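What follows is a single structure, written as structure tokens, with notes after it.
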Amino acid sequence: MPASSNMNWDRRNVLRAAMGLAAAGGLAACGSNTGRSTGGSGDGLVQYFHAYGEAGVEQAVKRYAKAYQDADVTTQWITGNNYEQKLFAALLTRNAPDVFEFHPQIQLVKSGQVADLTDIIEPVKDDFNQADITSHTVDGKIYGVRMIDDPQFLFYRPSLFEKAGVEVPTTLEELIEAAGKLTTSKVKGIFLGNDLTSIDRPLIWSAGADTLTADNKPAFNTDAVADGLKQLRGLFTSGNLLLDAPADSWDPSALIQGLTAIQWCGMWAMPAMQKALGDDIGIFPFPKVGSAGKQSVYNGGWSMFVNAKSKNVEAAKEYVKWLWIDQKKYQEDFATSYGFHIPPRASLARSATKLKSGLPAEGVKLFNEFGHFDNIGWTQAMIAAFWDVIANTVRKDGDPKAQLDACEKKVDAELEKLFG
Amino acid sequence: MSTTTTRGVAQPAPAKVSRRRPRRGLRASSTFNFWLFTGPFLTGLIIFVFVPIGWSVWLSFFEARFTVTPSEFVGFGNYQQVLTDTNFRNSLVTFTVFAAFIVPATWALSLGLALLVNRLRFMRAFFRSVFFLPTAVSYVAAALIWKMSIFNGVRFGLANTVLGWFGVDNIAWLANPDPPWYWLVIVTVRLWLQSGFYMILFIAALQNIPRELYEAASIDGAKPGWQTFRHITLPQLRATSTAVILLLLVAAYQAFDEFFNLLSKATWGQPPLVELYKMALGQNQNYGAGSAGAVVLTLLICVVTLLQGRIMGFGRGEESK
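Sequence lines, in order, name chains F and L.
Per full-length UniProt numbering, residue 1 is the first one in the first sequence, and the count goes up by one each step.
Per full-length UniProt numbering, residue 1 is the first one in the second sequence, and the count goes up by one each step.
Shown next as structure tokens:
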């Protein structure tokens with residue numbers, strides 16, 4: 001190599017090259033994966049999903065998205081326990097998803113964050129579970145398409161019940177007594193989640209109360225709810241409640257690993273439990289609290305929403321219609337091939353063979369008999385305020401009535417801001 | 001007669017006259033070089049630090065729920081809300097308790113480790129690396145290891161297994177605030193994570209202490225060990241100790257990750273940043289109140305830092321000691 005070629009790499013050229021590389025890097029960064037690929041057959045869409053615990057769900061969601069021909073759909077699979085915080089923060093930015101799953105909450109509607117989907121649901125509205133339609137409706141407009149219903153109940157090991165001479169409890173007193181009889185040196189009687197917030201609404205409903213009245217006034221601050229909180233405090237300090245388990249109540253590990261005899265969990269975990277425990281698994285609703293109460297089942301679930309501030313609202317609506325209204329094959333696959341969920345489409349719920357017998361059929365029965373659905377007016381801030389009540393009374397021995405009063409004030413303030 | 005001759009002595013060669021033209025204008029000036037090198041960083045600082053701070057101050061005077069471009073001016077309403085908020089005030093108490101535990105504990109542990117490692121004759125680099133390595137672990141990962149493996153409440157958690165050997169029942173380390181075992185979990189995870197870094201600072205300071213001081217002390221009859229440590233080592237580490245305590249205090253104010261991951265959905269053990277996160281980015285999405293809280297917290301950190309610097313003499317010249 002001639003010497004002159006080395007002369008080309010003096011300090012100035014090195015600096016130029018470095019600046020060139022930096023500029024190229026910057027430009028490359030501008031074109032990096034923003035999730036808005038337009039190289040496909042149409043508009044690019046981004047959808048947000050929280051991480052499901054069951055194997056294969058992520059692949060299924062991405063497979064459905066890939067099958068859609070009219071737009072490139074990128075899936076952001078959000079892991080961690082704070083999906084809602086990540087979603088809320090993202091919705092304020094330009095990188096907000098076009099489509100996202102969440103629960104129906106009125107602040108999303110009031111702040112103009114979700115698009116009206118009435119026109120795509122209206123033609124098939126009658127085929128949906130009407131409670132789901134109600135829970136997504138504000139002022140006659142429907143703001144989300146329900147994807148799955150997730151009934152949640154208490155799972156138990158019949159063999160352990162038989163050994164301890166325990167009957168299936170129907171009241172909170174019986175449940176607490178059963179937990180005491182089932183507790184051994186290695187197995188705790190019951191697991192209600194590490195912070196007990198999973199049973200917030202079942203406790204309210206089972207005490208004969210509700211989160212809000214029909215005209216959006218607080219309805220949870222009753223003596224029966226306060227008594228229920230007191231009873232749970234007794235359970236918390238009894239030593240019969242499993243606390244600080246490695247996985248929380250949404251995961252069936254505690255029951256499968258023999259850490260507890262009863263566990264609060266959702267129908268999604270049934271296949272995993274049946275695989276591990278065979279027939280030694282049963283379910284019952286959250287028991288009634290107080291004499292005026294009634295057993296309850298929380299029908300959680302997830303719904304698909306369209307970001308109203310997206311640049312691709314129409315394309316996003318088309319995608320939601322295609323996947324969650326037209327593609328019944330995918331809807332059934334999503335509801336029954338991984339964990340078990342109940343399809344919100346009545347026709348699908350009727351035809352889903354996996355839900356027709358055995359424990360899943362029992363789950364569907366409890367869902368129909370004792371089910372309570374989300375109230376769109378009960379927002380995340382109100383949920384958090386009630387979680388504080390549980391923390392301060394059950395885990396910290398605060399006065400339940402005083403805590404419920406404080407919570408009511410916070411909920412009132414929220415309602416004032418939402419409804420005026 | 002002596003004569004002086006220059007014959008045979010090499011004369012200095014005349015200086016080469018540069019044929020390059022002298023640099024003129026902007027490129028030649030030091031101002032250009034200054035902006036060339038600091039400009040990009042300054043731009044980044046303005047865009048990513050000063051603008052958000054300014055925006056946050058601006059937001060703190062507005063009603064900003066579910067938006068960061070609000071229109072309703074509320075004056076000091078958000079400040080009033082934050083300062084009368086029991087949770088925010090409790091978070092300052094939590095910080096005080098946490099700082100009271102973690103600052104002296106980390107100072108003592110990192111100094112102790114530095115003294116031990118510095119005395120080693122063999123494998124010094126190995127042990128220095130072993131103690132420093134946790135610094136590279138993320139706070140989130142460490143918190144989850146502590147929560148799920150060591151301090152979970154079931155019988156196969158490491159801590160409960162060890163206690164079980166002595167006949168002690170399983171303890172719910174994090175779920176139950178009474179007794180407040182959660183402090184043990186939080187303080188140990190942070191000690192593990194940060195002691196190695198401060199150990200390195202102390203090792204550097206120890207190596208800067210002149211050997212002559214120890215020799216002179218020995219001649220004067222000072223006994224090695226505690227007496228030497230108290231009268232020679234500790235005073236010589238004063239500047240480093242002051243800096244370490246200052247850094248520890250600021251880090252304690254910034255505590256978030258381990259509290260957030262270990263004590264989710266609790267109403268106790270919530271430091272200021274977790275409270276602000278819940279207020280602004282959590283369920284409430286109240287960016288106005290959250291920004292007001294951030295401004296209050298920033299001012300508080302500045303005041304405490306200045307006071308601490310004044311009390312401990314941080315930045316004071318040698319002559320003024």
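Glycine included, C-beta positions come from ideal geometry on N, C-alpha and C.
Computed from a predicted structure; not experimentally measured.
DSSP, read as helix, strand or coil, puts K356(F) in coil. Rounded to whole angstroms, the Cβ separation of V109(F) and Y83(F) is 19 Å, and the two are not in contact under 8 Å. Pairwise C-beta distances place the region 239–253 of chain F in contact with the region 179–193 of chain F, as three or more of them are shorter than 8 Å. The C-alpha of L191(L) lies about 8 Å from the C-alpha of A105(L). Here the C-alpha atom of G44(F) lies approximately 16 Å from the C-alpha atom of V61(F).
Within chain L, the residues A175, S264, K265, A266 have their CB atoms less than 8 Å from the CB of D195(F), given in chain order. Listed as beta-bridge partners of Q263(F) by DSSP are F155(F), F191(F).
Across the structure, Y156(F) and V289(F) are spaced so that their CA atoms are roughly 19 Å apart. Note that the region 182–198 of chain L touches the region 105–116 of chain L; at least 3 beta-carbon pairs, one per stretch, sit closer than 8 Å. Chain order gives no chain L residues near I256(F), where near means a beta carbon separation below 7 Å; the closest approach is about 13 Å. Below the 7 Å Cβ cutoff, chain L contributes V154 as neighbours of L259(F), in chain order. With respect to the 9 Å criterion, W183(L) and G309(L) are not classified as neighbours on the basis of their beta carbons. Chain L has a Cβ within less than 9 Å of the Cβ of R395(F). Contact of T67(L) with chain F by beta-carbon distance below 8 Å involves L92, S111. Between G300(F) and I283(F), the alpha-carbon positions lie close to 16 Å from each other.
A Cβ of chain L is located within less than 9 Å of the beta carbon of W387(F). If only uninterrupted alpha helix (DSSP H) runs of at least 4 residues are considered, those enclosed by the region 83–123 of chain L are 86–119.
Note on geometry: alpha-carbon atoms of N95(F) and Q295(F) lie some 43 Å from one another.
At a cut-off of 9 Å between beta carbons, F220(F) makes no contact with chain L. By the neighbour-count criterion, in which 16 or more other beta carbons inside 10 Å mark a residue as buried, D220(L) falls on the exposed side.
Of all C-beta pairs linking the region 286–293 of chain L to the region 53–62 of chain L, three or more are shorter than 8 Å, placing the two stretches in contact. The DSSP-derived three-state label of K288(F) is strand.
Within the region 191–216 of chain F, the residues whose Cβ lies closer than 9 Å to some Cβ of chain L are N194, D195, L196, T197, listed in chain order. Against chain F, a Cβ distance below 8 Å from A172(L) picks out L243, D244. Between the region 153–170 of chain F and the region 269–282 of chain F, the count of C-beta pairs closer than 8 Å reaches three or more; the two stretches touch. Take the alpha-carbon of Q76(F) and the one of E63(L): they are about 31 Å apart. When the alpha-carbon of V73(F) is set against those of V297(F), N81(F), F100(F), R345(F), the nearest one is in F100(F).
Under the three-state reduction of DSSP output, Q194(L) falls in the helix class. Counting only Cβ-Cβ distances below 7 Å, A65(F) has no contacts in chain L at all, with the closest Cβ about 28 Å away. Comparing alpha carbon positions, the residue from K141(F), T137(F), F153(F), D132(F) closest to M147(F) is D132(F). For N240(F), the closest Cβ of chain L is not nearer than 9 Å. A distance below 9 Å separates the beta carbons of P97(F) and N307(F). Put simply, of W205(F), D200(F), W324(F), H136(F) the residue whose alpha carbon is nearest the alpha carbon of V389(F) is D200(F). Here the alpha carbons of N216(F) and Q380(F) stand approximately 15 Å from one another. Taking 9 Å as the cut-off, the Cβ atoms of D150(F) and M267(F) count as close. At the C-beta level, A245(F) and V154(L) come within 9 Å of one another.
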